[in-house]
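These notes concern the structure reproduced below.
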Amino acid sequence: MDYILAVLGIIVVNILLSGDNALVIALASRNLSAQQQKQAMLWGSAGAVVLRIVLTFGAVLLLQIPYLQLVGGIMLVWIAAKLVRGEKQRKGNVVATGSLTKAIKTIITADVIMSLDNVLAIAGVAKGDWGLLVLGLAISVPLIVWGSQAIGMLVKKWPIIIIIGAAFLGWTGGEMVIVDTAVLPFAGRLPWLHWILPGAFAVIAVGLGKMVRNHQSVN
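Here is the structure:
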């Protein structure tokens, strides 16, 4: 059951942080024929899965270094806050092309650049379980490519999904800090910290995102 929940966590995080990827696909392949657009989506999705798995593996290995989990956990809170804030990623540099090969390259490159936040978040959720990483990414990336329009409609209809996702990311950030090799010896002596810190990070992530969003709306 815990394994299934972890896989679902990776899928949800990946979908929430990659909601705009379908727009990149549409922009990159809009000059292709209908058949070539399908091929671009298929091969672009496959390439994105492979590259994202490689990047996430690298992140998991790096997070074994002392203090990097701590830094990563704090960064995850900011990523979650940006999710609540509703930051839109820039895609003005995505060029439409009439070449299937170039479209696939554009889709893969843009996905990797746009997915650096995802890599850190998913590495934190997976907690070093390689099988979990591969399974979660292999399921979620195609879902993003083929079903992001429906996902976007769900998020617009129920904005609470964003808040829940951000709180989950904040919680994961707190857990990352606690299991950092430099922090764990101290945290191990304070069992209550394993609940208090993730909970505090979840509240901070949502609160910070809302605060920044309200400040931007006033200005």
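No gaps in the numbering here: position 45 of the sequence shown is 45 in the UniProt record's numbering, and each next residue is one more.
Note that beta-carbon positions come from the ideal geometry of N, C-alpha and C, so glycine has one too.
Euclidean distance between Cα positions of residue i and residue j
i           : j           : result
residue 6   : residue 196 : 21 angstroms
residue 82  : residue 178 : 23 angstroms
residue 86  : residue 10  : 20 angstroms
residue 123 : residue 218 : 35 angstroms
residue 188 : residue 136 : 29 angstroms
residue 43  : residue 154 : 26 angstroms
residue 128 : residue 77  : 19 angstroms
residue 215 : residue 209 : 10 angstroms
residue 50  : residue 56  : 10 angstroms
residue 174 : residue 13  : 16 angstroms
residue 107 : residue 48  : 8 angstroms
residue 213 : residue 207 : 10 angstroms
residue 88  : residue 62  : Unreliable positioning characterises residue 88 in this predicted model, as indicated by a pLDDT of 46, which lies under 50. The coordinate reading is nonetheless provided below. Using only the alpha carbons, I get a separation of about 28 angstroms.
residue 99  : residue 8   : 36 angstroms
residue 168 : residue 125 : 9 angstroms
residue 59  : residue 156 : 31 angstroms
residue 74  : residue 161 : 22 angstroms
Classification of residue i by the beta-carbon crowding that lies within 10 angstroms, buried from 16 upward
i           : result
residue 186 : exposed
residue 101 : exposed
residue 192 : exposed
residue 45  : buried
residue 211 : exposed
residue 2   : exposed
residue 79  : buried
residue 182 : exposed
residue 184 : exposed
residue 205 : buried
residue 202 : buried
residue 170 : buried
residue 34  : exposed
residue 32  : buried
Residue i - containing alpha helix (DSSP H), residue span
i           : result
residue 189 : Neither: residue 189 is in no alpha helix (DSSP H) and is coded neither H nor E.
residue 69  : 68-85
residue 167 : 160-179
Contact belief for residue i with residue j at Cβ below 8 angstroms, rounded distance in angstroms
i           : j           : result
residue 84  : residue 164 : At roughly 11 angstroms, the Cβ-Cβ gap does not stay under 8 angstroms, so residue 84 and residue 164 are not in contact.
residue 176 : residue 69  : 5 angstroms
residue 40  : residue 138 : Incorrect: roughly 19 angstroms between the Cβ atoms, too far for contact.
residue 4   : residue 133 : Not really, about 15 angstroms apart at Cβ, beyond 8 angstroms.
residue 72  : residue 120 : 6 angstroms
8 angstroms Cβ cutoff, residue i in contact with chain B
i           : result
residue 101 : Within the model displayed, chain B is absent; a lone protein chain is all it includes.
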